Structures are given as structure tokens and as C-alpha cells.
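Everything below concerns the one structure shown next.
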Amino acid sequence: MRIVIFTQSIWSIPSIQQLALNKQIIGVVIPQKDFQNQEMLNEVCNNFGLDIFRWDGKDLEEIGEWLTNLKADRGVSFGFSYKIPKAIFASLEWGVLNVHYGKLPKYAGAAPLFWTLKQGEKSAVISFHKIDENWDAGVLILESVAPIFPGEPYGLLASRLSVLAGTELLKALDKLPLSEGEVLTPNESPLPRPKEEDLTIDWKSQSADEVEFLVNAANPNYSGAITTFRGSQIRILEVSPAEVNVVGIFSPGTIVYADATYGVFVLCADFKYLRINIFQIDGTIITGSKLAALGIRPYEQML
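Numbering (the numbering used here), first residue to last: -7 to 295.
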């Protein structure tokens, strides 16, 4: 195999390392623009002596010449923001395999893992599929499934999946020349990147489970779930289910108990409780216990 990876994602690093140790990867394509974790990706590639091509997503002649000179026979797209055109994937003998952190076509789109967690799925799926002209479509080569642990946030789950992808990718690449598998129907309504309204807690309608799913889905890539407290927008990064024995009349979103020892507890729409473990307020990350010690009191409201 002479593989080229198209990526800008830190989660592709275990796959790059695995392929490099097997001497199956010859180059990496990254965006021409600056992106998060760029230096880390560059360092990994340099350590393994891999050619790096910075591509603007438009110039087909230059990247085509680079692929030809490397004698690449297949590609892997892993967290790459540009759509790879037919002129590129058709020029490779075995095409391009995409690594998608979501069940297809259900979780097609740019943020599949966010929506998987927000919907409260019990497991996460890595879809390995041979791409065609459509987004998140083509031929499904392999699916790998991993359980989602209770309370697991986005960052931890993505890290676990990246390790799994590093081993499962080898199986998918072996199957790629066969091009046998389910032909994926393009999803005409792919899920978008989450907007502010998708990240905002609705205390009046969301159950404790739904709030927890949202908080986990938003940590850390989206800086936590959004709520309003004392007239200011704050972020919640971690919660846990709780049993609370309190007396009083409370509406959803109300703080029912708060102290420096046990922390902050909030009532949800299904009249179950969550302990708010970690907040982000004005750029400061602070525990619920610490915030209670600073003056949060019962009957205050989150909106």
C-alpha cells in the first residue's frame, strides 16, 4: 500500500502512526490555511519522514502531480474540511476511504459525534466508506462500534475512537480494493455544525438525561452547554445525576441546594436533579462547590 492521508484532525494521529509503523503511508495532505493542532500534526509527520502537502482545496493540478510523483494508490480522508473532488479520488487506483465518526447515513454531516452524544445513543459508530461525489456517501466498507460510557464527554469518546480507528483502518484498507459493501444513500438533510441554540439548555422542556447528554456532547469542543445565570451567559462542562431530599416549590432550572461541601444541584423538567460539577464563567473554569462557597444560593434560577 502507498497511502496518502487527507487530514487536519488530531484524532487521525493514531492512524498515521499505525500506518507509518507498517510502512504503508507516504504522505499527508493538510489545509493551506492555519488550523488547530497544526504543529502537532507537522511534528508527527516529520518524525516519520512523511511528505506534507498544503492544499487550498482548489488547485487540482499541483496536488495531482504530487500524488503521481509519490505513486500513491489509495487515500484516507480523516477529519478533512475540504470535499475531495472526483478528479483526485478517481486518480488513485483504489480511491479514497473516509473515516466518519457516526452511523451513516443517519449521522451524515460535519459534527456526527456531537449529535450522537446529544441524542443519547448507547454506542458510537466509526463508518469507513469509499467516497463518491456526494458528502458522506459512497460504498460502506466497514463499521466499527464502541460503547459510550455513562457520563462520557465528547473529548474522551473521540480519543477512544481515534485509537480504535487506528487498528480498524487497517481492516478497512484491506477491503477497499474489493469495493464491496452497502451503497450509502446520500442524506439530503445532513446534520449541521451545532449553533448556539443547539448548545443551549432548555430547562423547561429537557429532562435530566437530555441536559446531561447535551453537556457531554459540548465538552470540550463547543466549550460546554449554555445557560443564563444572573443575567449572564455561562457554560456548564460537567454534570452528574443526583438524589436530593429538599422541601419546597421549585420550577425547572432552579437551584434547589448549594453548599461548599456538596456543590450545586438543579431541578430539571422531569423533576429529576443534576449536580453541576464544573462551570465556565467569564473564561474561568470553576467547580460547583467553589461557586457555592462564593455565594450561589437555593431558589436562584438558571434560564
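Where is the CB? At the ideal position from N, CA and C, for every residue including glycine.
Being a predicted model, the structure only gives us computed values, none of them experimental.
Could you name the residues that DSSP lists as bridge partners for V80? A quick correction: the sequence has Ile, not Val, at residue 80. In the DSSP output, where bridge partners are listed per residue, I80 has none listed.
For the pair the region -6 to 11 and the region 29 to 47, tell me if three or more CB-CB distances fall below 8 Å. yes
W3: which of Q28, L42 and K63 sits nearest, CA to CA? Q28
Restricting to Cα atoms, I'd like to know which of D262, D251 and V88 is closest to L286. D251
Just the C-alpha distance for H92 and G280, rounded to the nearest angstrom, thanks. 35 Å
Which of the three DSSP states is assigned to G280 in this structure? The three-state reading of DSSP puts G280 in helix, counting H, G and I together.
What does a CB cutoff of less than 7 Å around F81 pick up in its chain, not counting 5 residues either side in sequence? G67, G87, V88 and I123
Our contact map puts A100 next to P184 with C-beta atoms below 8 Å; I'd like the distance itself, whole angstroms only. Their Cβ separation, rounded to whole angstroms, is 11 Å, which puts A100 and P184 out of contact at 8 Å.
When the Cβ atoms of the region 184 to 201 are set against those of the region 244 to 261, are three or more pairs found closer than 8 Å? Result yes; three or more Cβ-Cβ pairs closer than 8 Å.
Exposure of N208, with buried meaning 16 or more beta-carbon neighbours within 10 Å: buried
Please state whether DSSP places N371 in a helix, a strand or coil. No statement about residue 371 is possible, as the shown extent of the chain runs from -7 to 295 and does not include it.
List the DSSP bridge partners of R66. Bridge partners of R66: I(-5).
What's the call for L153, buried or exposed, on a 16-neighbour Cβ count within 10 Å? buried
Using only alpha-carbon positions, find the residue among T159, K15, M294 and Y249 that is nearest to S224. M294
Given a threshold of 16 other Cβ atoms within 10 Å of its Cβ, counted over all protein chains shown, does I55 qualify as buried or as exposed? With 16 or more other Cβ atoms within 10 Å, it is buried.
Terminal residues of the beta strand (DSSP E) in which K98 lies: It is not in any beta strand (DSSP E) - K98 carries neither H nor E in the DSSP assignment.
Between the region 237 to 246 and the region 169 to 184, do three or more beta carbon pairs fall short of 8 Å? no
Using the beta-carbon count (16 or more within 10 Å), is T108 buried or exposed? buried
Nearest neighbour of E235, chosen from I268, A210 and R227 [CA to CA]: I268
Output the boundary residues of the alpha helix (DSSP H) element that contains Q30. Q30 to N39
Between which two residues does the alpha helix (DSSP H) holding L165 run? Looking at the DSSP string, the run of the alpha helix (DSSP H) that includes L165 is Y146 to K167.
Could you tell me if P139 is buried or exposed, where buried requires 16 or more neighbouring beta carbons within 10 angstroms of its beta carbon? exposed
Check whether the Cβ of L165 lies closer than 6 Å to any heavy atom of the ligand FAD, and answer yes or no. Ligands are entirely absent from the displayed structure, and the ligand FAD is therefore not among its contents.
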